[in-house]
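Counting in the working numbering, the sequence shown runs from 21 upward without gaps. Even glycine gets a Cβ: it sits at the ideal position worked out from N, Cα and C.
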Amino acid sequence: MNTIKKIGVLTSGGDSPGMNAAIRSVTRAALYKGLEVTGIRYGYQGAIEADFVEMKKLTVSNMIQRGGTILKSARSAEFRTPEGRKKAAENLRSQGIEALVAIGGDGTFQGGTILQQEHGFPVIGIPGTIDNDLSGTDETIGYDTALNTALDAIDKIRDTADAHERMFLVEVMGRDAGFLALETGIACGAELTLLPETLVHIKEVKETLRNILTNKKRSTLVVVAEGDESGGAMELYSNLKEDFSDIDTRVCVLGHIQRGGNPTARDRVLASRLGVAAVNALLDGHVSVMVGVVNNNIKLTPLKSGWSKKKSIQTELLDLTKILK
Ligand SMILES: Nc1ncnc2c1ncn2[C@@H]1O[C@H](COP(=O)(O)OP(=O)(O)O)[C@@H](O)[C@H]1O
Ligand SMILES: O=P(O)(O)OC[C@H]1O[C@](O)(COP(=O)(O)O)[C@@H](O)[C@@H]1O
Ligand SMILES: [Mg+2]
C-alpha cells in the first residue's frame with residue numbers, strides 16, 4: 021500500500037500543445053485518489069525557487085483546450101548542477117511533496133532521472149514535446165497539433181508557390197529530431213524532405229532538385245528540419261542560390277507557431293490518458309518511469325530509456341518521401 025499524500029506537477033523544456041490537458045488530468049486524477057497536488061511553476065527552476073501553487077479541481081477548469089502551460093515552463097541551467105538539484109529536493113520535501121510528475125521532453129526526463137538517483141525522489145515522466153523524440157510512446161503530447169499546424173501553413177504556402185511556380189524551402193522545428201519534418205513532408209506532398217537523422221550530401225540535394233525541376237513540376241516544396249545537417253532553410257538557400265538562379269526561390273521558417281495553439285482532439289485524449297496513468301504509476305509504487313501509449317495501450321518504460329534510447333525514424337516512412345515525390 022502506497023503512503024504518498026501529496027504530489028507535485030511541473031511542465032519543463034519547450035512547451036507543447038496539450039500540456040494544460042495533462043496538468044488537468046494529473047490534478048483531477050490525484051484528487052480523485054485522495055491526494056493533494058502542488059503545481060510547481062517554471063519547471064525545475066520553480067522547485068529551486070520554491071515557486072509553488074496549490075492545485076484544486078477548479079484551478080484546472082476551462083483549460084483542456086488551451087495551448088501553452090498555466091504552470092509556465094523554463095529551461096533551468098541551475099538544475100543541471102548538483103547544488104541546484106539539492107536545493108530543489110529540499111524545497112519539495114519541505115513543502116510536503118513526496119513525488120513528482122514531470123511533463124516534458126528528453127531533457128526533462130534526464131533531469132528527473134538524476135533527481136531520483138541523487139535524492140531518492142520518485143519521478144514519473146509524461147512525454148510532452150512537439151519533437152516526438154522519446155522512445156516508450158508512439159506519440160508525445162503536442163506532436164499531433166504541431167504537425168497539423170505545420171501542415172496548415174504549408175498548404176497555404178503551396179497555393180502561392182503554385183501560382184508563381186516557385187520553389188519554397190520551408191523549415192520546421194526539430195533541433196535534433198526529424199519526426200515532425202518527416203510526417204509534415206509526407207502529408208504536404210513535399211518534393212524533398214531533409215532530416216537530421218539521414219545524411220544527404222548537398223550534391224545529392226542539388227541533383228534531386230534539378231531532376232524534379234527538369235520534369236517541370238509547377239511548384240516545388242522542400243521541407244527541412246531545423247537541425248538538418250544542411251543548416252536549416254536559410255543556409256540551404258545560400259548553398260543553392262548560385263546553382264538554382266534560374267528558379268524563383270523563397271524561404272519560410274515556420275518557427276514557434278508550431279508550439280502554440282489549441283491542442284487537437286488526439287493530443288487532448290493522449291494527455292488525459294497519460295495524466296491518469298502517471299498518478300496510477302505513482303500509487304503502484306513506481307519511482308522512475310515514463311508513461312506512454314504504445315499500440316493504443318498504456319505502457320510504462322524506465323524513465324532513463326525514454327531519453328537514452330534514441331527513437332528511430334521508420335524506414336517505411338522515409339521510403340514514402342522518395343516514392344511519392
Ligand atoms: N543532464 C541534465 N541534468 C540535469 N537536468 C537536466 C539535464 N538535461 C536537462 N535537464 C533539465 O531539464 C530541462 C528541460 O530540458 P530541455 O532539453 O530544455 O527540454 P525538453 O525536456 O523539452 O527536452 C533543462 O532546462 C534542465 O533544467
Ligand atoms: O523555444 P526554444 O528554446 O528556442 O527551443 C526551440 C526548440 O524547442 C523545440 O520546439 C522543442 O524541443 P524540446 O521539447 O526538446 O524542448 C524544438 O523543436 C526546437 O528546436
Ligand atoms: Mg527535447
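Contact between the segment 214–222 and the segment 246–265 is present, with at least three C-beta pairs closer than 8 angstroms. Taking 7 angstroms as the cut-off, the C-beta of D35 does not count as close to any heavy atom of ligand 3. Of the other Cβ atoms in all chains shown, fewer than 16 fall within 10 Å of the Cβ of T101; this residue is therefore exposed. Per the Cβ contact rule, the segment 154–167 is not in contact with the segment 56–75 (fewer than 3 Cβ pairs under 8 angstroms). Distance check between A70 and each of A42, K77, F129, A108 places A108 closest, using alpha-carbon atoms only. Boundaries of the beta strand (DSSP E) around F188: 187–192.
Apart from the 5 residues on each side of it in sequence, P142 sits with its Cβ closer than 6 angstroms to the Cβ of A119, V307 in its chain, given in chain order.
Secondary structure note for M254: its alpha helix (DSSP H) is the uninterrupted segment 253–260. K77 and D151 have their C-alpha atoms some 30 angstroms from each other. Counting only unbroken stretches of 4 or more residues, the alpha helix (DSSP H) elements lying wholly within the segment 36–82 are 39–52, 63–68, in sequence order.
With a threshold of 16 other beta carbon atoms within 10 Å, D196 falls short and is exposed. Taking 8 angstroms as the cut-off, the beta carbon of T149 is found no closer than this to the beta carbon of G312.
By the neighbour-count definition (other C-beta atoms within 10 Å, threshold 16), Q278 is a buried residue. Close CB contacts of V271 within its chain, under the 7 angstroms cut and outside five residues either way in sequence, are with L189, A253, M254, Y257 (chain order). Excluding sequence positions up to five before and after M187, its CB lies within less than 6 angstroms of the CB of T240, I267, T269, all in the same chain and listed in chain order. When rounded, the separation of the alpha-carbon atoms in Y163 and L340 is 20 angstroms. Out of N40, A49, R95, the CA that lies nearest to the CA of N82 is found in N40.
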